[in-house]
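Anchor point for the sequence shown: position 36 equals 43 in this note's numbering, and the numbering is continuous, going up by one each time.
We treat Cβ as the ideally placed atom computed from N, Cα and C, and that holds for glycine.
Please read all numbers here as calculations on a predicted model, not as lab measurements.
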Amino acid sequence: MTGNDINKLLHKSEFKEDISLYLVLFERQASRIAIPKELWLSPLVDLLPLEITHIISREPEEQVNDYEHVKNLLLQIFKLTPEKFHQLFFAHKKSREKTWIDFYPELDTYFNGWTKGLKVESYDNLKDLVITDQMKKRVPIEFKEHFLDANVLA
Numbered sequence: 008m009t010g011n012d013i014n015k016l017l018h019k020s021e022f023k024e025d026i027s028l029y030l031v032l033f034e035r036q037a038s039r040i041a042i043p044k045e046l047w048l049s050p051l052v053d054l055l056p057l058e059i060t061h062i063i064s065r066e067p068e069e070q071v072n073d074y075e076h077v078k079n080l081l082l083q084i085f086k087l088t089p090e091k092f093h094q095l096f097f098a099h100k101k102s103r104e105k106t107w108i109d110f111y112p113e114l115d116t117y118f119n120g121w122t123k124g125l126k127v128e129s130y131d132n133l134k135d136l137v138i139t140d141q142m143k144k145r146v147p148i149e150f151k152e153h154f155l156d157a158n159v160l161a
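(1) Rounded to whole angstroms, what is the Cα-Cα separation between leucine 80 and threonine 116?
(2) What does the Cβ neighbour count give for threonine 122, buried or exposed, with the cut at 16 atoms within 10 Å?
(3) Quick one: what does DSSP say threonine 139 is sitting in, helix, strand or coil?
(4) Rounding to the nearest angstrom, what Cα-Cα distance links threonine 139 and serine 49 in this structure?
(5) Kindly indicate which residue of Pro112, Leu30 and Met142 has the alpha-carbon position closest to the one of histidine 76.
(6) Tell me which residues share the same chain as isoleucine 63 and place their Cβ nearer than 7 Å to its Cβ, disregarding the 5 neighbours each side in the sequence.
(7) Among Glu66, Glu69 and Phe33, which one has its Cα closest to the Cα of leucine 54?
(8) Ends of the alpha helix (DSSP H) at aspartate 53?
(9) DSSP three-state call for arginine 39: helix, strand or coil?
(10) Mind checking which residues open and close the alpha helix (DSSP H) that includes glutamate 66?
(11) Using 8 Å as the threshold, is the C-beta distance between isoleucine 148 and phenylalanine 85 below it?
(12) Tell me where the alpha helix (DSSP H) around phenylalanine 118 begins and ends.
(13) My understanding is that lysine 101 touches phenylalanine 92, with C-beta atoms under 8 Å, so please give their C-beta distance in whole angstroms.
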């Protein structure tokens with residue numbers, strides 16, 4: 008199968024606001040039809056709106072040919088920072104038209120975007136992140152400002 012085959016499976020308009028879920032879907036489809044990862048970039052770019060491809064084309068040559076770099080660039084363009092993924096993860100709700108089977112990968116994508124973006128690589132890192140997050144939600148504002156100034160809860 009080729010990159011053209013993936014263009015038949017996915018459409019430009021499918022990602023709308025949530026490029027992260029679109030990228031997960033793209034990667035799964037590319038893997039499913041056995042496109043080697045080094046060839047993913049061309050079919051992905053073909054699926055993107057013209058204004059986004061113009062932004063990508065401004066990148067240095069060695070970076071514009073790197074799928075992971077372009078993927079991270081797309082997340083930046085759509086302002087999907089670790090904090091945004093964090094918000095999406097905790098605020099996401101299952102819609103009536105989707106199944107629980109659809110809901111799990113959406114949450115998984117947001118959780119991975121949050122934790123990978125903060126370079127959480129171990130159980131202890133994850134534990135610290137979750138505990139810190141809970142402290143931020145519960146501590147009085149005057150303590151929060153003090154700890155943020157001291158970079159304890161950042």
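So, to answer that:
(1) Walking along the sequence shown from the start, residue 80 turns up at place 73. Walking along the sequence shown from the start, residue 116 turns up at place 109. Taking the straight line from one Cα to the other gives about 17 Å.
(2) Taking the first residue of the sequence shown as 1, we reach residue 122 at position 115. So threonine 122 counts as buried.
(3) Residue mapping note: residue 139 aligns to position 132 of the sequence shown, counting from 1. Three-state result, threonine 139: helix.
(4) Locating residue 139 in the sequence shown gives position 132, counting from the first residue. Locating residue 49 in the sequence shown gives position 42, counting from the first residue. C-alpha separation (whole angstroms): 41 Å.
(5) The residue you call residue 76 lines up with position 69 of the sequence shown. Closest option to histidine 76, judged by alpha-carbon separation, among Pro112, Leu30 and Met142: Leu30.
(6) Along the sequence shown, one-based indexing puts residue 63 at 56. Val52, Val71, Val77 and Leu80, listed in sequence order.
(7) As a first step, residue 54 must be located in the sequence shown, where it is residue number 47. Among Glu66, Glu69 and Phe33, the Cα nearest to that of leucine 54 is on Phe33.
(8) On the sequence shown, position 46 is the one that residue 53 refers to. First-last of the alpha helix (DSSP H) with aspartate 53: 48 to 54.
(9) As a position in the sequence shown, residue 39 is number 32, starting the count at 1. Helix at arginine 39.
(10) Residue 66 sits at position 59 when you count from the first residue of the sequence shown. Here glutamate 66 belongs to no alpha helix (DSSP H), and DSSP marks it neither H nor E.
(11) In the sequence shown, residue 148 corresponds to position 141, counting from 1. In the sequence shown, residue 85 corresponds to position 78, counting from 1. No, they are not a contact pair.
(12) Here residue 118 refers to the residue found at position 111 of the sequence shown. Start and end: 107 to 124.
(13) As a position in the sequence shown, residue 101 is number 94, starting the count at 1. As a position in the sequence shown, residue 92 is number 85, starting the count at 1. With 8 Å as the limit, lysine 101 and phenylalanine 92 do not qualify as a contact, their Cβ atoms being about 18 Å apart.
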